[in-house]
Each structure stands twice: as structure tokens, then as C-alpha cells.
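Throughout the sequence shown, residue numbering follows my numbering, covering 1 to 114 in sequence.
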Amino acid sequence: MDEYMLIFRHEDGSKIASPEQMQIWMKQTMDWIGSIAAQNKFVSSNGLPHDDACVVWPKNQITNGPFGDIKETIGGYIIVQADSMEEAVAFAKGCPVLQGEGNSVEVRKIAKRH
1 MDEYMLIFRH EDGSKIASPE QMQIWMKQTM DWIGSIAAQN KFVSSNGLPH
51 DDACVVWPKN QITNGPFGDI KETIGGYIIV QADSMEEAVA FAKGCPVLQG
101 EGNSVEVRKI AKRH
């Protein structure tokens with residue numbers, strides 16, 4: 001069984017959901033993660049707040065967040081165990097992030113550690 005990272009991409013990181021909408025999405029997300037965990041396929045997950053971030057460029061240049069001029073942001077990830085890319089994609093299809101306009105979930109196989 002391999003591990004896959006499901007990366008949550010938000011098309012417009014400047015849009016801020018209401019506290020009520022965030023509560024709904026968090027419940028949906030926890031239920032979704034719970035369904036994966038019930039299959040013993042959950043490894044880990046985390047959110048990635050974009051307001052406390054930076055980008056390091058060549059020649060020691062650093063751009064501090066928040067990045068108001070950047071449209072797409074990475075909001076978080078989940079790592080799952082799956083028997084195939086197809087199974088990992090099936091998990092991704094149920095992700096509540098996909099309810100947001102233009103949002104996506106990128107699925108990447110994680111290289112095995114030696």
C-alpha cells in the first residue's frame with residue numbers, strides 16, 4: 001500500500017468565508033476525514049494558513065505573506081494510504097474543498113522512504 005498526498009487548492013485565496021460557512025465546511029471536512037479513517041486509510045492532515053507564510057527566492061530574497069496578489073493558494077493537505085492512484089482519486093472526489101468555485105484537489109504519490 002502506498003501513501004498519497006491530497007493537496008487542497010483554492011482558486012481565490014482572497015475570498016474569506018463567513019464564520020457560519022467555515023463551521024459548515026469544517027464539519028463536512030471532519031466527516032470526510034472520518035470516513036477515510038474508518039477504512040484505516042488516514043495517515044495525517046493539516047491546514048496551511050496563508051496569512052503567516054513566506055516564499056524564499058534565489059539570492060536570499062524573501063517575500064512575506066499574506067499574498068494578496070496571488071490568486072491560487074494551498075489551503076491544506078491530507079495524507080492517505082491507498083492501494084492505487086485510482087483509490088486515492090476516489091478519496092479526493094469526496095473532498096468538501098471541491099464545493100468552492102474553481103477549487104481543486106491535487107493527488108500526488110509520496111516517494112517511499114528507504
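Even glycine gets a Cβ: it sits at the ideal position worked out from N, Cα and C.
Just so you know, these numbers come straight off a predicted model, no measurement behind them.
- The three-state reading of DSSP puts Ala-90 in helix, counting H, G and I together.
- Here Met-30 is actually not in contact with Gln-81; their C-beta atoms are around 19 Å apart, not less than 8 Å.
- If you look at Gln-21, you'll find it in the alpha helix (DSSP H) that goes 19-37.
- Of the other Cβ atoms in all chains shown, 16 or more fall within 10 Å of the Cβ of Val-105; this residue is therefore buried.
- Three or more Cβ pairs closer than 8 Å define a contact, and the stretch 55-63 falls short of that threshold against the stretch 78-98.
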